[in-house]
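Okay, so here's the structure we're looking at.
Number of protein chains: 2
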Amino acid sequence: MSLQPHMEDFVQYFSGINLSIDSANFDKFGLKAKLKHYQKGELLITQGQPAPKVFFLVKGFVRYLNVSVEGKEFTQSFSCAPSISGSTRAMTRNVDALFSIEALDDVICLEFDWQMFFEKMQFQPGFMQAYNRLLENMFIKKEEREYAFVQDSAEQRYLTFLDTNPQLRDKIPLKMIASHIGITPIALSRIRKKLQ
Amino acid sequence: MSLQPHMEDFVQYFSGINLSIDSANFDKFGLKAKLKHYQKGELLITQGQPAPKVFFLVKGFVRYLNVSVEGKEFTQSFSCAPSISGSTRAMTRNVDALFSIEALDDVICLEFDWQMFFEKMQFQPGFMQAYNRLLENMFIKKEEREYAFVQDSAEQRYLTFLDTNPQLRDKIPLKMIASHIGITPIALSRIRKKLQ
DNA sequence: GAGCAACATTAACCTAGGTTTATTGTTTGC
DNA sequence: GCAAACAATAAACCTAGGTTAATGTTGCTC
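See the structure below:
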């Protein structure tokens, strides 16, 4: 009785958030996932379309990308394996996604159907509690980001980004950093020149 | 066997989020709260101090207020009864609060100890699920706010505020609206003049 | 190696919103 | 009724960052 490939990683990740699950018990849930591969540039979910899936990134990294009506790109966030990805809004409220999730790399992930994921969770308090933790962390991150946008200069946000995302700083184009901290690539260029 | 004053309101509020609790069952949890009154201007929790409490606002409304190192006020959000209030970060991570919660009115609320609240939740899936919903909604709101800060002009944020908070627009000073949408009162004044 | 397509930088200019300082309401308390 | 404290507006000025457009730069692919 063994878990499907990479599911072990998922259980471990969730265990790290809340220690009340182990693989043996987990197997009993019958939670199934599709193993998926995405190549650099491909989309896991697409802005404007339903996205009733939760992803567990086994390898690679992605960004959450919103394109405004004027055609401007905004990188809401990055997510690096191992991590959970998906649009909370789209899956829990059953509406279209407000952003796309783009592979920035070759990505290996598990894809869960949210409906099933949610139902299984109902019957396993430890599982639900881990999801709780996840939501708390996500909320707290957005709150920190709110502070950053209101209180910090673009320069400070850039420095904070470099500081908190050392694993990304040399792997992604600068324009993605710019669109993540809410400025144009030109403004970022100016800031970088000044900092030299 | 009856609930303590206003607890019924709390149960109803939580039921509205997720229908799996009713007062009769709820009473069995033994979840206790202190009934508190705050006068306009008083603080429910204080920035820089521990805040291991969850509040249920029975009457009145509050704002979440952060003061930066340079002394600038930022109103993170408003909350009107009936609603749950508190610092998710401070209570779940057991750290000092990054903002104060200020009564903008005479406030009546129930005050729960987070530790107890959390423990009771563990044994009542329906309760935890309601908390889950709450977190999801909080997260989604912050996400919407993130979009607003990055994509909308101050003028647009002001109009959106008026639109989505009709119950507040005439009850709070303009400077609070300004500090909520991330501009100075002077800038808001300019915008209002232009809109006349 | 030529040609093309992203990416990054630079310079010139523009604008939204910050800052400072005053002026005018408007509550609040004595 | 008056002073004190706060809230809102106004004018003058300043600056961070947007916009446009030109110029490099780094790969690709053929």
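Here the protein sequences line up with chains A and B, keeping their order. Using the working numbering, the first residue of the first sequence is number 1, and each one after it goes up by one. Using the working numbering, the first residue of the second sequence is number 1001, and each one after it goes up by one. The C-beta atom is built at its ideal place from N, Cα and C for all residues, glycine as well.
Residues bridged to residue i (per DSSP)
i                      : result
residue 66 (chain A)   : A:74
residue 84 (chain A)   : A:56
residue 1102 (chain B) : B:1043, B:1063
residue 1079 (chain B) : B:1062
residue 186 (chain A)  : DSSP, once it has assigned bridges, lists no residue as partnering residue 186 (chain A).
residue 1096 (chain B) : B:1050
residue 34 (chain A)   : A:111
Cβ-Cβ distance between residue i and residue j below 7 Å
i                      : j                      : result
residue 1060 (chain B) : residue 1113 (chain B) : no
residue 1010 (chain B) : residue 1134 (chain B) : no
residue 89 (chain A)   : residue 1140 (chain B) : yes
residue 228 (chain A)  : residue 158 (chain A)  : This structure cannot settle anything about residue 228 (chain A), because the visible part of chain A is limited to 1 through 196.
residue 1083 (chain B) : residue 1097 (chain B) : no
residue 64 (chain A)   : residue 99 (chain A)   : yes
residue 62 (chain A)   : residue 101 (chain A)  : yes
residue 1188 (chain B) : residue 1174 (chain B) : yes
residue 103 (chain A)  : residue 38 (chain A)   : yes
residue 128 (chain A)  : residue 1176 (chain B) : no
residue 1132 (chain B) : residue 132 (chain A)  : yes
residue 142 (chain A)  : residue 1142 (chain B) : yes
The beta strand (DSSP E) enclosing residue i, as first and last residue numbers
i                      : result
residue 42 (chain A)   : Where residue 42 (chain A) is concerned, there is no enclosing beta strand (DSSP E), given that its DSSP letter is neither H nor E.
residue 1113 (chain B) : 1107–1113
Contact belief for residue i with residue j at Cβ below 8 Å, rounded distance in angstroms
i                      : j                      : result
residue 1052 (chain B) : residue 1122 (chain B) : About 17 Å; that fails the 8 Å criterion.
residue 1017 (chain B) : residue 1148 (chain B) : With a Cβ gap of about 24 Å, residue 1017 (chain B) and residue 1148 (chain B) do not count as contacting.
residue 74 (chain A)   : residue 1156 (chain B) : At roughly 15 Å, the Cβ-Cβ gap does not stay under 8 Å, so residue 74 (chain A) and residue 1156 (chain B) are not in contact.
residue 1042 (chain B) : residue 76 (chain A)   : Residue 1042 (chain B) to residue 76 (chain A), Cβ: 37 Å. No contact.
residue 1031 (chain B) : residue 1085 (chain B) : Between residue 1085 (chain B) and residue 1031 (chain B) the Cβ distance is about 17 Å, and since that is not below 8 Å, they are no contact.
residue 1165 (chain B) : residue 1056 (chain B) : Contact flag wrong, Cβ pair sits at about 20 Å.
Residue i classed as buried or exposed, judged by whether at least 16 other C-beta atoms fall within 10 angstroms
i                      : result
residue 1195 (chain B) : exposed
residue 108 (chain A)  : buried
residue 1186 (chain B) : exposed
residue 1095 (chain B) : exposed
residue 54 (chain A)   : buried
residue 34 (chain A)   : exposed
residue 1070 (chain B) : exposed
residue 153 (chain A)  : exposed
residue 953 (chain B)  : The question about residue 953 (chain B) has no answer here: the residues shown for chain B are numbered 1001 through 1196.
residue 68 (chain A)   : exposed
residue 1119 (chain B) : exposed
residue 25 (chain A)   : exposed
residue 1092 (chain B) : buried
residue 144 (chain A)  : exposed
residue 49 (chain A)   : exposed
residue 1167 (chain B) : exposed
Residue interval of the alpha helix (DSSP H) (run including residue i)
i                      : result
residue 197 (chain A)  : Any answer about residue 197 (chain A) is impossible in this case: the structure gives chain A only from 1 up to 196.
residue 1150 (chain B) : 1125–1151
residue 1157 (chain B) : 1154–1164
residue 9 (chain A)    : 7–17
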